[in-house]
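For what it's worth, my numbering labels the leading residue of the sequence shown as 1, then goes sequentially.
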Amino acid sequence: MSANPAAAYLELTPARVLDALDALGLRPDGRLLQLNSYENRVHQVMLEDGRAVVTKFYRPGRWSDAQILEEHAFALELADAEVPVAAPMPLHARADPALRLLGQPPTLAHWHVDGVLHRFSVTPRRAGREPELERTGTLQRLGGFIGRLHAVGRRAAFSQRLHMDPARDAAAAIDAILGLDRLTTNEAAPWLAAARSAQQSLSEAFERHGPLRQLRLHGDCHLGNILWRDADVDGGPQLVDLDDACMGPAVQDLWMLVSGDAATMDAQFAELLQGYLPWCDFDVRERQLIEPLRTLRMLRHSAWLAQRWADPAFPAAFAFFGTPAYWSQQTTQLREQLELMRG
Numbered sequence: 001m002s003a004n005p006a007a008a009y010l011e012l013t014p015a016r017v018l019d020a021l022d023a024l025g026l027r028p029d030g031r032l033l034q035l036n037s038y039e040n041r042v043h044q045v046m047l048e049d050g051r052a053v054v055t056k057f058y059r060p061g062r063w064s065d066a067q068i069l070e071e072h073a074f075a076l077e078l079a080d081a082e083v084p085v086a087a088p089m090p091l092h093a094r095a096d097p098a099l100r101l102l103g104q105p106p107t108l109a110h111w112h113v114d115g116v117l118h119r120f121s122v123t124p125r126r127a128g129r130e131p132e133l134e135r136t137g138t139l140q141r142l143g144g145f146i147g148r149l150h151a152v153g154r155r156a157a158f159s160q161r162l163h164m165d166p167a168r169d170a171a172a173a174i175d176a177i178l179g180l181d182r183l184t185t186n187e188a189a190p191w192l193a194a195a196r197s198a199q200q201s202l203s204e205a206f207e208r209h210g211p212l213r214q215l216r217l218h219g220d221c222h223l224g225n226i227l228w229r230d231a232d233v234d235g236g237p238q239l240v241d242l243d244d245a246c247m248g249p250a251v252q253d254l255w256m257l258v259s260g261d262a263a264t265m266d267a268q269f270a271e272l273l274q275g276y277l278p279w280c281d282f283d284v285r286e287r288q289l290i291e292p293l294r295t296l297r298m299l300r301h302s303a304w305l306a307q308r309w310a311d312p313a314f315p316a317a318f319a320f321f322g323t324p325a326y327w328s329q330q331t332t333q334l335r336e337q338l339e340l341m342r343g
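What follows is the structure in C-alpha cells.
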C-alpha cells in the first residue's frame with residue numbers, strides 16, 4: 001500500500017477494514033458489504049457475536065479530528081434525547097501501539113498501518129427503507145422528527161463544524177469548478193453567466209431575509225439519509241449520517257423533503273410544519289429561501305463532483321458529469337432557478 005494517505009484511502013481493501021475492527025477487539029466473522037457512500041468508505045460488517053456494525057473510514061483532508069468529534073458529540077446528544085439516530089459506538093482499544101482513540105467517550109480511531117493514518121468510526125447497523133412521502137402522515141411524522149432534532153440543535157452551537165454562508169458558499173463552488181478546469185469549451189461561457197447570475201440572485205434573497213437564526217443541523221437531510229421502519233416499536237424515521245452537520249437555518253433540513261409545483265410544495269411544507277411546530281418554532285419567512293437553497297445545492301454538487309473526479313468511484317458513478325450535455329443541462333436548470341427566485 002502506498003504511504004500517501006489519499007492513495008491509501010482509495011486502495012482501502014476489505015481485509016484492511018476487517019483488520020481495523022479486529023484491532024478494536026470487535027471480531028468480524030468475515031462477512032462484509034460495501035455500502036453506497038462516495039464521500040467516505042463505508043462498510044457493513046458482521047461480527048462473530050452476531051451483531052452487525054457499520055464502519056466509516058473518513059476521506060483524508062475533508063474534516064479535522066475536532067470537526068468529526070463535534071459531529072459525534074451531536075449524534076450522542078441526539079441519541080441521549082431519544083432522537084433516533086445512528087450514533088457512533090464508544091470504542092475500546094487493545095494493547096496496540098498502532099491504534100489511538102479520540103473523544104470523550106472515545107468514538108474516533110486513529111489507526112497507523114504501513115506508514116499511513118486511517119481515521120474511522122463504528123456505529124451499530126440501522127435497518128430500514130426510504131420513506132414513502134405519498135403515504136398519509138409520513139411528511140407530518142418527518143416534520144416532527146426534524147423538530148425534535150432541532151430542539152436539541154438549538155441547545156448549543158457548533159464551534160468547529162461549518163457555518164452556512166450562502167453567498168460565500170456559492171462563490172466558492174463556482175471558483176472550484178473554474179479552478180479545476182472541468183467546463184467544456186462551448187458550454188463554459190453560458191454556464192458561467194448563469195452561475196454568476198444565480199449567485200447574485202441567491203445572495204440578494206438572503207440579504208432581503210436579514211440575519212439568519214442558525215442552529216445545529218443535519219445539513220443534508222434528503223431521503224437517502226433517512227431510514228424508515230414500520231415496526232410498532234421504534235418505527236418511523238431515523239437518521240443514518242450526520243457527515244454534513246453544520247450551523248444553518250432550520251429550513252435547510254426541511255426543503256429537500258418537498259418537490260413539485262408551487263401549490264404542491266406549499267401543501268407538503270404545511271404538512272411538515274404540522275409535525276414540526278409542536279417541538280420547535282419556525283420563522284415562516286424562511287419558506288422563501290427554498291429556491292435559493294436549491295440553487296446553492298446545484299452549484300455545490302457540481303463543485304463536489306469536480307473536486308472528487310480523481311477518485312475512480314466518481315467517473316464510474318457519474319459518467320454524465322463534465323460532458324457538454326451535462327453543462328448545457330446545468331445552464332438550463334440554473335436559468336430556471338433564476339426565474340423561480342425572481343418570482
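Where is the CB? At the ideal position from N, CA and C, for every residue including glycine.
Computed from a predicted model, the values in this text were never measured in an experiment.
By a beta-carbon distance limit of 8 Å, leucine 227 contacts valine 240. Their separation comes to about 6 Å. The distance from the Cβ of glycine 236 to that of phenylalanine 145 is about 7 Å, consistent with a contact at the 8 Å cut-off.
Per DSSP, valine 251 lies in no alpha helix (DSSP H) segment and is marked neither H nor E. DSSP places aspartate 22 in the helix class (H, G or I) of the three-state scheme.
At a Cβ-Cβ threshold of 8 Å, leucine 117 and proline 249 do not count as neighbours. Counting C-beta atoms within 10 angstroms of its own C-beta, leucine 334 has 16 or more neighbours from the protein chains shown and is therefore classed as buried. Each of Phe74, Ala194, Arg287, Leu305 was checked against the Cα of alanine 86, and the nearest Cα belongs to Phe74. Sorting Leu47, Arg125, Pro105 by C-alpha distance to the C-alpha of leucine 35 places Arg125 at the top.
Sorting Val17, Ile177, Arg229 by C-alpha distance to the C-alpha of serine 121 places Val17 at the top.
Here asparagine 186 is exposed, its C-beta having fewer than 16 other C-beta atoms within 10 Å. Closest in C-alpha terms to proline 97, from the list Pro88, Gly103, Ala109, comes Ala109. Pairwise C-beta distances place the region 264 to 284 out of contact with the region 297 to 314, as fewer than three of them are shorter than 8 Å. Taking the CA atoms as reference points, glutamine 337 sits about 28 Å from arginine 161.
Taking the C-beta atoms as reference points, aspartate 22 is found nearer than 8 Å to proline 28. The C-alpha of arginine 148 is placed about 17 Å away from the C-alpha of glycine 137. If you ignore the 5 residues before and after alanine 172, its C-beta comes within less than 8 Å of the C-beta of Ala303, all in its own chain and listed in chain order.
About 26 Å separates the beta carbons of glutamine 252 and leucine 192, which is beyond the 8 Å limit, so they are not a contact pair. Here DSSP, grouped into helix, strand and coil, assigns tryptophan 327 to helix. Uninterrupted alpha helix (DSSP H) stretches at least 4 residues long and entirely within the region 164 to 228 occur at 166 to 179, 185 to 209, given in chain order. According to DSSP, glycine 236 shares a beta bridge with Arg229. Secondary structure note for aspartate 65: it is in no beta strand (DSSP E), and the uninterrupted alpha helix (DSSP H) holding it is 65 to 80. Proximity of the region 207 to 224 to the region 40 to 59 falls short of the contact definition, fewer than three beta-carbon pairs being nearer than 8 Å. Residue burial annotation: phenylalanine 320 is exposed, with fewer than 16 other C-beta atoms found within 10 angstroms of its C-beta. Excluding sequence positions up to five before and after arginine 135, its CB lies less than 7 Å from no other CB in the same chain. Residue Asp19 holds the alpha-carbon nearest to the alpha-carbon of aspartate 114 among Arg129, Glu71, Asp19. In the three-state DSSP reduction, histidine 301 falls in the helix class (H, G or I).
Taking C-alpha positions only, aspartate 65 is separated from alanine 156 by approximately 20 Å.
Distance check between arginine 168 and each of Val83, Gln199, Glu39, Ala325 places Gln199 closest, using alpha-carbon atoms only. If the five residues before and after threonine 295 are omitted, its C-beta is found closer than 6 Å to the C-beta atoms of Ala198, Leu202, Gln337, all from its own chain and listed in chain order.
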